[in-house]
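Visitor: Got a structure for you, questions after.
Protein chains in written order, with my numbering: chain A, 635 to 1154; chain B, -16 to 390.
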């Protein structure tokens, strides 16, 4: 048993739902108790979908267990087929139904429906959401991609590829598909099929007609791409086009596969990130300490962008994707770090607390950790929430993705000039200690704590790590002169410095000794 | 009145943890289940918590099923790890789930064992929130029922108000009941795990939620007797509810009238403010929280709405007898699920407002139907005089919004 407060991934059948919901003309019958229907709201509330997911739940109850749950499943499959008239069906079990061992796939196939029925075996007590999505997509592709559909010679037509991996409830998948489709179009490459996002089972049957595959999210599409390579000799892309360098490398990789020229598209490189990053005001970004956690693809990309394209220092890198732990470990090693591979929220929280980064790039979980620790944060990966499905066009991939990343990572930080002004004019009412950055609107900090805390109480409240260390009045006053957004860190550093040296009282000297000790 | 059977589209009883963990301070809810259970609670909560979470899941893994590890030993280990460094936990609920029920993990024995181990610091209880046994609000019923045998004996006459209420509502109702002169007024669930109400054969209990069948049974076993009353929704419902309490404790009629005249008038005024918009509007209830019948009574009687269908996951005819009598004759009441058939009827009826779960709300909005998602009725303070206007407003808001939008 694993004690879990929050989970990064849902169960594997939720992964299957992300595939089914992304597609058209497909219906999923899930052998499950009624509670599992909660998953509908992930799509209708978080992603704001305007249709129910194409899922029928058998919703068996305790009283059915003595009787015939198998019969219940068969009638649910038949009713769903008649009502929805899908081109193909998925049939599987959730965690509870797995224990009943009803063999939903076999039972559904015994009905001899006139459409393909894909049986899913998703071991709920071993695997998780992304694995379930990948397995489901692979099973669908394997069943539906017609072997007869081989690639025709490319002499009289533009090269074409499939765009694989975008799902429902994916982090910016909708916009990434747009951005990459546009980019490939400029290279003179057509999209044969985009899947699972927007595809029908009939579209999957045409997968073999592409020259190669573009894998946008390996967590979802790698097994399918590997099978397509084996079956249709379609090569597939390894580069994930998130960030400037990766987008360039992706263009080069794709151009080579398609045998087209990348020169024109590379020469244009219409992203503002490189110049914004080189402009003088970005100097204040230099060496900002950043902690990164997410799925493997987004975490690795974020680490690269943070270092090479924004000049940050990555102090922590990790992922909850155990299936891709190797890649994350390699990436972390390139930054001189040991990767944090865990799905234990508390372990991530402990790492952030200890490292005290100046920026957290993570999932919704890390957003909450950062909020609690009052560290700026941007979301870079699932699990995500309703605000991560913005109304505006906001891809992560390609040139526009780089623009979006620059804005969303830099905006939570204090502007460089503002940081200096705040220090210089801290006596002025607009720049008082509790003022929030002006570009973040109102002054939430001030409104939460309108009453200035007396130094003694502040010491008690701010303690914790350095419990047992007290502050002289003089040191406490000096600490108050440090801008509020670094004061917490200064306090913690000073206290840990004092604790290490077994100093019970922090004096002015201790404060500046610690500052020198921790200076980069 | 008819019974339907088909695909359900409701939460399981685990969802109750979302509001119960905020209500009973010092209590912690440990679901013994699967990753799905953990994902459900975190998704239903809609938030990931700011403070120390007061619920968690012990996720059953392959090796627990394969018998490679003793599930009981594993559970003990997990509980020990949880309680380590969490001195704020005084009451631990082990909450059964679909998988734990199917593998027949005996959580009542586990609770006894762990209670003995961690007494007197922590008491350990158990109940089932599984979706094969419970629907949505039945989780609270199961939780409260598990608390009843642990309540201290108290043979003094008194009133016990049963069903979780927002603190502000609890305080208002308590004030009124105490001012009536009722000797002792207590609430279940208590606000703190260590302050349990007493109970005995002179206890009269009054339900503040309509879904508490098992809790009521457990209370009767301890000798308490129910005061039949409609739910305290709206000016009228709250009056009936308070009158029932007054009658049970022989409170002077004039005294009661004096006490409630002003708040009742406030409530009537507040509700009336929404009547012009809602009167004559047709409302359709999908089965969700078991609040459907009392809510339909409030909407039809105090706001002159027309209830075209009142579907509820489970109809407790005994507890709802007074509610049912107050509904317009011939109301279409459906007990049980069958989401596809209900959707068909809903589309055919084209009601002005649909009360439904979160999975259905946006799809129905996209079809042009106005919706009110029902889970908000569990979280928002809606009972009592001072909330009557807010309750009406919850139903008015989706319609008001439509009159405002020009996109």
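Each residue gets a CB set at the ideal place from its N, CA and C atoms; glycine is no exception.
#1: Find the nearest neighbour of residue 872 of chain A within the set A/878, A/866, A/879, A/887, judged by alpha-carbon distance.
#2: Measuring straight from C-alpha to C-alpha, what distance separates residue 92 of chain B and residue 52 of chain B?
#3: Between the C-alpha atoms of residue 186 of chain B and residue 1123 of chain A, what's the straight-line distance to the nearest angstrom?
#4: Quick one: which residues of the stretch 284 to 310 of chain B get their C-beta closer than 8 angstroms to a C-beta of chain A? List them in chain order.
#5: Between B/192, B/373, B/172, which has its C-alpha nearest residue 9 of chain B's C-alpha?
#6: Are residue 251 of chain B and residue 294 of chain B closer than 8 angstroms when you measure CB to CB?
#7: Using a Cβ-Cβ cut-off of 8 angstroms, state whether residue 114 of chain B counts as contacting chain A.
#8: Under 7 angstroms between beta-carbons, which chain A residues line up against residue 26 of chain B? List them in chain order, please.
#9: Counting only beta-carbon separations shorter than 8 angstroms, does residue 657 of chain A have a partner in chain B?
#10: For the stretch 348 to 363 of chain B and the stretch 283 to 299 of chain B, state whether three or more C-beta atom pairs, one from each stretch, are separated by less than 8 angstroms.
#11: Under DSSP, the beta strand (DSSP E) around residue 266 of chain B begins and ends at which residues?
#12: Tell me, to the nearest whole angstrom, how far the beta carbon of residue 797 of chain A is from that of residue 848 of chain A; I am working on the premise that it is less than 8 angstroms.
#13: By the 10 Å Cβ neighbour count, where 16 or more other Cβ atoms means buried, how is residue 641 of chain A classified, buried or exposed?
#14: Taking 8 angstroms as the cut-off, does the stretch 101 to 108 of chain B touch the stretch 753 to 766 of chain A (at least 3 CB pairs, one atom from each stretch)?
#15: Does the beta carbon of residue 635 of chain A come closer than 8 angstroms to any beta carbon on chain B?
#16: Let me make sure I understand the geometry here. Which of A/935, A/916, A/678, A/778 has the alpha-carbon closest to that of residue 944 of chain A?
#17: Taking a contact to mean a Cβ-Cβ separation below 8 angstroms, would you say residue 254 of chain B touches residue 204 of chain B in this structure?
#18: Closest to residue 959 of chain A by CA distance: which of A/818, A/928, A/987 is it?
#19: Does the Cβ of residue 111 of chain B have 16 or more other Cβ atoms within 10 Å, making it buried, or fewer, making it exposed?
#20: Given that residue 639 of chain A touches chain B, what residues does it touch there, using C-beta distances under 7 angstroms?
#21: Please return the same chain residues whose Cβ sits closer than 7 angstroms to the Cβ of residue 126 of chain B, not counting the five positions on each side in sequence.
#22: Under 8 angstroms between C-beta atoms, does residue 987 of chain A make it to chain B?
#23: Let's test the definition: count the other Cβ atoms within 10 Å of the Cβ of residue 1027 of chain A and tell me whether it reaches 16, buried, or not, exposed.
#24: Would you please verify whether the beta carbon of residue 376 of chain B is less than 8 angstroms from any beta carbon of chain A?
#25: Please identify the residue among A/1127, A/975, A/1134 whose C-alpha is closest to the C-alpha of residue 1149 of chain A.
#26: Of all Cβ atoms in chain A, is any one closer than 8 angstroms to the Cβ of residue 33 of chain B?
#27: Look at the alpha carbon of residue 147 of chain B and the alpha carbon of residue 174 of chain B, and state the distance between them as a whole number of angstroms.
#28: Among residues of its own chain, excluding the 5 on either side of residue 1015 of chain A, which ones have a beta-carbon nearer than 6 angstroms to its beta-carbon?
#29: Closest by CA to residue 822 of chain A, which one among A/808, A/777, A/889, A/882?
#30: Would you give the residue range spanned by the beta strand (DSSP E) that residue 830 of chain A belongs to?
#31: Which residues in chain B sit within 9 angstroms of residue 810 of chain A, going by Cβ to Cβ distance?
#32: Taking DSSP's pairing of strands, which residues face residue 20 of chain B in a bridge?
#33: Counting Cβ pairs closer than 8 angstroms, one from the stretch 341 to 359 of chain B and one from the stretch 308 to 318 of chain B, do we hit at least three?
#34: Within its chain, find whatever has a CB closer than 6 angstroms to the CB of residue 661 of chain A; leave out the 5 residues flanking it on each side and keep chain order.
#35: With DSSP collapsed to three states, give me the class of residue 716 of chain A.
#36: For the alpha helix (DSSP H) that residue 939 of chain A lies in, which residues bound it at each end?
Guide: Let me lay it out:
#1: A/887
#2: 18 angstroms
#3: 56 angstroms
#4: none
#5: B/172
#6: no
#7: yes
#8: 672, 675, 676
#9: no
#10: no
#11: 265 to 268
#12: 5 angstroms
#13: buried
#14: no
#15: yes
#16: A/916
#17: no
#18: A/928
#19: buried
#20: 36, 39
#21: -1, 3, 76, 110
#22: no
#23: exposed
#24: no
#25: A/1127
#26: For residue 33 of chain B, the pLDDT reaches just 49, beneath the cut-off of 50, and the residue's location in the model is therefore unreliable, although a value from the coordinates is still provided. So yes, residue 33 of chain B belongs to the interface.
#27: 9 angstroms
#28: 805, 928, 929, 932, 997
#29: A/889
#30: 824 to 830
#31: Result: empty, since nearest Cβ-Cβ is about 23 angstroms, beyond 9 angstroms.
#32: According to DSSP, residue 20 of chain B bridges with nothing at all.
#33: no
#34: 688, 714, 718, 720, 723
#35: helix
#36: Premise fails: residue 939 of chain A is in no alpha helix (DSSP H) and is neither H nor E.
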